[in-house]
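2 protein chains.
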Amino acid sequence: MHAVTDPTFEHGIAILGGTGDQGLGLAMRFAKAGRPVVIGSRQLDRAETAAKEVVAAVPDANVSGCENPQACPRARVVILSVPFEHTAATLKSIRETLVSDQIVVSMGVPLATSVGGGPDQMIDVWQGSCAEMVASLLPAGVQVASAFQNVPAHRLRELDQPVECDVVVSGAKRAREDVMALCGLVPGIRAVDGGPLDNARIVESMSALLIGMSRRYRVSSGIGIRFTGLPKTAC
Amino acid sequence: MHAVTDPTFEHGIAILGGTGDQGLGLAMRFAKAGRPVVIGSRQLDRAETAAKEVVAAVPDANVSGCENPQACPRARVVILSVPFEHTAATLKSIRETLVSDQIVVSMGVPLATSVGGGPDQMIDVWQGSCAEMVASLLPAGVQVASAFQNVPAHRLRELDQPVECDVVVSGAKRAREDVMALCGLVPGIRAVDGGPLDNARIVESMSALLIGMSRRYRVSSGIGIRFTGLPKTAC
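Quick mapping for you: the protein sequence lines, in order, are chains A and B. The first sequence runs 0 to 234 under numbering that gives the first Met the number 0. The second sequence runs 0 to 234 under numbering that gives the first Met the number 0.
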């Protein structure tokens with residue numbers, strides 16, 4: 000593990016796969032909240048194009064684009080926003096760059112699309128969930144949290160509207176609390192304590208249910224979730 | 000399959016395991032909506048005691064208690080509200096009484112409590128979910144739907160308050176639509192089209208997540224779910 004020297008590291012947020020709809024939406028939201036954002040991609044030009052899209056939406060954004068392995072040393076929080084089938088390859092490409100201070104956030108969902116099936120069905124992952132698979136592939140000391148799976152991309156991109164979604168954050172206590180604090184940066188997102196990482200099994204599968212529901216009700220902007228009965232202090 | 004002669008059959012709702020917290024709450028709500036309710040139990044005296052509790056809460060209730068096999072011929076909709084580990088035995092005791100007009104509603108959740116584990120963890124069911132197991136054990140022609148898993152018992156019992164929960168209803172089209180219509184009888188419950196029965200795998204597991212969440216946030220009255228972004232016509 001190498002030393003971290005980037006001045007943005009402490010507050011920086013790297014979004015690998017930040018060129019996709021949901022990752023780009025998160026990038027815009029975090030940039031709008033004043034956080035330094037680094038968009039990672041396998042291809043430099045796609046990352047740079049996405050960074051320009053963020054600036055177009057958020058003119059004073061502190062954002063840049065680079066290849067995935069270069070993105071990680073610039074941010075304490077690394078959000079994995081790649082399709083499930085690219086998760087393991089992405090982690091292999093970055094694992095040498097990670098340091099024990101960092102938190103990797105899994106937002107992947109093992110949808111059946113990864114093996115040619117439908118987006119409203121799941122495949123079984125040996126470790127139990129995408130998040131637990133991510134944990135199994137990371138160097139010791141790197142923290143893992145699971146979050147953001149159920150936030151529709153469309154709502155993230157409507158920057159003048161609150162997102163109106165609860166985000167269930169699972170993982171070990173410190174990582175969980177840090178990611179819950181990040182949720183507070185996005186208007187309309189409420190973080191909910193999702194307990195240990197293995198609860199990602201449930202949270203990830205909820206995405207397949209929401210996708211099926213969006214299709215049945217023809218809601219192109221996506222369907223979100225709110226929990227009722229939580230104490231006010233949960234916000 | 001024998002002929003149905005009970006005059007309450009068409010509008011009747013049988014709740015097997017209606018002596019438990021959640022079943023009794025549903026019995027009170029449906030009785031309050033004016034539906035004939037039959038509470039089933041393995042023990043006649045417990046069923047009768049539960050029926051008296053319903054009358055105490057809803058003085059003009061049309062409610063009675065009887066053993067499970069006697070309850071089914073009196074209601075077109077039979078709600079299974081027994082602990083998961085009693086599901087198969089209950090079905091065996093009633094299957095000869097069921098007719099092809101009937102709809103069996105699975106609200107069971109394969110919590111790990113059924114094998115001595117915690118209520119915030121699940122066990123795997125060979126068929127995929129409790130609802131699919133129920134379907135596999137029923138005579139041909141009997142319809143199956145999955146619903147009501149995520150409604151906290153406490154909220155059902157507070158009869159002067161709306162329940163404030165969405166209920167995901169899964170199953171074949173006709174059964175699904177009929178059970179969605181039932182949801183409309185309970186103030187604050189909104190039925191959401193959950194698609195085919197195998198989606199019960201996801202909906203059931205959400206109960207374990209909600210139970211864990213209730214513990215972490217110390218919410219004794221339970222946590223419910225609302226979906227955001229559904230069209231108004233979904234209500």
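Ideal placement from N, C-alpha and C gives every residue a C-beta, glycine not left out. As the structure is a prediction and not an experimental result, all values here were calculated from the model.
{"Asked": "Any C-beta of chain A under 7 Å from that of N149/B", "Found": "no"}
{"Asked": "Interface flag, F226/A vs chain B, CB-CB below 7 Å", "Found": "yes"}
{"Asked": "Alpha helix (DSSP H) segments (min. 4 residues) lying fully within the segment 110-170 of chain B", "Found": "129-136 and 152-156"}
{"Asked": "Three CB pairs or more closer than 8 Å across the segment 158-170 of chain A and the segment 70-85 of chain A", "Found": "no"}
{"Asked": "For L25/B, the nearest candidate out of D192/B, H153/B, I224/B and E47/B (CA to CA)", "Found": "H153/B"}
{"Asked": "Interface partners of G211/A on chain B, CB under 7 Å", "Found": "G194 and N198"}
{"Asked": "Proximity below 7 Å, CB of G115/A to CB of C129/A", "Found": "no"}
{"Asked": "Interfacial residues, the segment 120-147 of chain B to chain A, with Cβ spacing under 9 Å", "Found": "Q120 and M121"}
{"Asked": "Cβ neighbours of A50/A in the same chain (closer than 6 Å, five flanking residues each side left out)", "Found": "I38, V62, S63 and G64"}
{"Asked": "Segment contact flag, the segment 193-208 of chain B with the segment 145-152 of chain B, C-beta cutoff 8 Å, min 3 pairs", "Found": "yes"}
{"Asked": "Residue-level contact to chain B via CB, L155/A, 7 Å cutoff", "Found": "no"}
{"Asked": "DSSP state of S63/B mapped onto helix, strand, coil", "Found": "strand"}
{"Asked": "Stretch pair the segment 184-191 of chain B + the segment 208-220 of chain B: three plus CB contacts closer than 8 Å", "Found": "no"}
{"Asked": "Three-way DSSP call (helix, strand, coil) for D100/A in this model", "Found": "coil"}
{"Asked": "Cβ pair count under 8 Å reaching 3, the segment 189-200 of chain A against the segment 124-141 of chain A", "Found": "yes"}
{"Asked": "Under 7 Å between C-beta atoms of T7/B and R73/B", "Found": "yes"}
{"Asked": "A32/A versus Q69/A - alpha carbon distance", "Found": "23 Å"}
{"Asked": "Inter-residue spacing [alpha-carbon to alpha-carbon] between E47/B and A111/A", "Found": "48 Å"}
{"Asked": "Beta-carbon spacing of G223/A, C164/A below 7 Å", "Found": "yes"}
{"Asked": "Neighbour flag for A230/A against chain B, beta carbons, 7 Å", "Found": "Per the sequence shown, the amino acid found at residue 230/A is Pro instead of Ala. Output row for P230/A: interface = yes."}
{"Asked": "Min CB distance G170/B to chain A below 7 Å", "Found": "no"}
{"Asked": "Neighbour flag for L208/B against chain A, beta carbons, 7 Å", "Found": "yes"}
{"Asked": "Cβ of R215/A within 7 Å of any chain B Cβ", "Found": "yes"}
{"Asked": "Among V218/B, V133/B, L79/B and L229/B, the one whose alpha carbon lies nearest that of L229/A", "Found": "V218/B"}
{"Asked": "Proximal chain B residues relative to S204/A, where beta-carbon distance stays under 8 Å", "Found": "R200, I201 and S204"}
{"Asked": "Per-residue burial, P35/B [other beta carbons within 10 Å of its own, 16 or more giving buried]", "Found": "buried"}
{"Asked": "A78/B at chain A interface by Cβ criterion, 7 Å", "Found": "Correcting the residue identity first, residue 78/B is Ile in this sequence and not Ala. Judged by the 7 Å Cβ criterion, I78/B is not in contact with chain A."}
{"Asked": "S92/A versus Q120/B - alpha carbon distance", "Found": "34 Å"}
{"Asked": "Residue from G16/A, L158/A and D159/A whose Cα sits closest to the Cα of D44/A", "Found": "G16/A"}
{"Asked": "Buried or exposed by the 16-neighbour rule on C-beta atoms within 10 Å, applied to Q21/A", "Found": "buried"}
{"Asked": "Range covered by the beta strand (DSSP E) that runs through F83/A", "Found": "Unbroken run through F83/A: none, as it is neither H nor E."}
{"Asked": "Cβ pair I78/B, I14/B closer than 7 Å", "Found": "yes"}
{"Asked": "Option in D159/A, D192/A and D123/A with minimal Cα separation from R28/A", "Found": "D159/A"}
{"Asked": "Min CB distance E252/A to chain B below 7 Å", "Found": "Residue 252/A cannot be examined here, being either before or after the span of chain A that is shown, 0 to 234."}
{"Asked": "T89/B versus A55/B, M132/B and S99/B, residue with shortest Cα-Cα distance", "Found": "M132/B"}
{"Asked": "N- and C-terminal bounds of the alpha helix (DSSP H) containing L181/A", "Found": "K172 to C182"}
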